[in-house]
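The numbering of the sequence shown is the numbering used here, which starts it at 860 and goes up by one.
All C-beta atoms, glycine included, are put in the ideal place defined by N, C-alpha and C.
Please read these numbers as outputs of a predicted model, since none were measured by experiment.
Here is the structure we will look at, set down as structure tokens.
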Amino acid sequence: MWLYSEDGKNWYEEQKNFAADTLKIAYDQNGVIVNISKDVSTINPTGLSVVELPDITANRRADIYGGWMFDGKQVIKRIYTPEELRQQAEVKKAKLLEEAENVITPLARAVKLNIATDEEIKRLEAWELYSVMVNRVDTSNPDWPDKPAINDWQD
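This is the structure:
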């Protein structure tokens, strides 16, 4: 596969113009960093832009897991769009609800079988309330409830 830049330069020939002691950072159309290497030959720039930056602490702190971006001048912490933040909140909401259900299920079973202790009944009530409150969270503007603490159901 032959790769060419937007201005028609051959990627494989351009690699010789990169310095050996710099970081090469590949980023997508949104500026999100997806590859970092000192060896330019390890980067496949298909659909990406590549920038060469000094190998300094400020640039080495970045990683390729989606939390960093190149803003056209420097490496910065990623700035998430409102939709990305909403999606992250949806994922968090699902995880919190799953966690609550994992606590609620055995407690509810103990209540159903009339073998629950007073402490288990109080824990169940606290976790069910928490579950309802998490379910009501508006993921476009999340305000997360606190998880029930051990002392919340003890006298």
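Straight-line Cα distance separating residue j from residue i
{"i": "Leu-944", "j": "Val-934", "result": "20 Å"}
{"i": "Thr-940", "j": "Thr-976", "result": "47 Å"}
{"i": "Glu-987", "j": "Lys-1006", "result": "11 Å"}
{"i": "Val-991", "j": "Val-950", "result": "17 Å"}
{"i": "Asn-916", "j": "Lys-868", "result": "In the sequence on display, residue 916 carries Thr and not Asn. For Thr-916 and Lys-868, the distance between alpha carbons rounds to 31 Å."}
{"i": "Ser-864", "j": "Arg-995", "result": "48 Å"}
{"i": "Ala-878", "j": "Gln-947", "result": "38 Å"}
{"i": "Lys-897", "j": "Asp-880", "result": "7 Å"}
Cβ-based neighbour list, residue i, same chain, cut-off 7 Å, excluding 5 preceding and 5 following
{"i": "Phe-929", "result": "Ile-884, Tyr-886, Gly-890, Ile-892 and Val-910"}
Bridge-paired residues (DSSP) for residue i
{"i": "Trp-927", "result": "Lys-936"}
{"i": "Val-909", "result": "Ala-885"}
{"i": "Val-891", "result": "Met-928"}
{"i": "Tyr-863", "result": "Asn-869"}
{"i": "Ser-896", "result": "Lys-883"}
Nonlocal neighbours in the same chain, by C-beta distance under 8 Å from residue i, ignoring five residues either side
{"i": "Ile-895", "result": "Leu-882, Lys-883, Ile-884, Ala-885, Ala-921, Asp-922 and Ile-923"}
{"i": "Val-993", "result": "Lys-952, Leu-955, Leu-956, Ala-959, Trp-1003 and Pro-1004"}
Proximal residues to residue i (C-beta, below 6 Å), its chain only, five neighbours per side dropped
{"i": "Asp-1014", "result": "Low confidence applies to Asp-1014: its pLDDT is 49, below 50, so where it sits in the model is not reliable enough to give any reading."}
Contact belief for residue i with residue j at Cβ below 8 Å, rounded distance in angstroms
{"i": "Thr-905", "j": "Leu-862", "result": "7 Å"}
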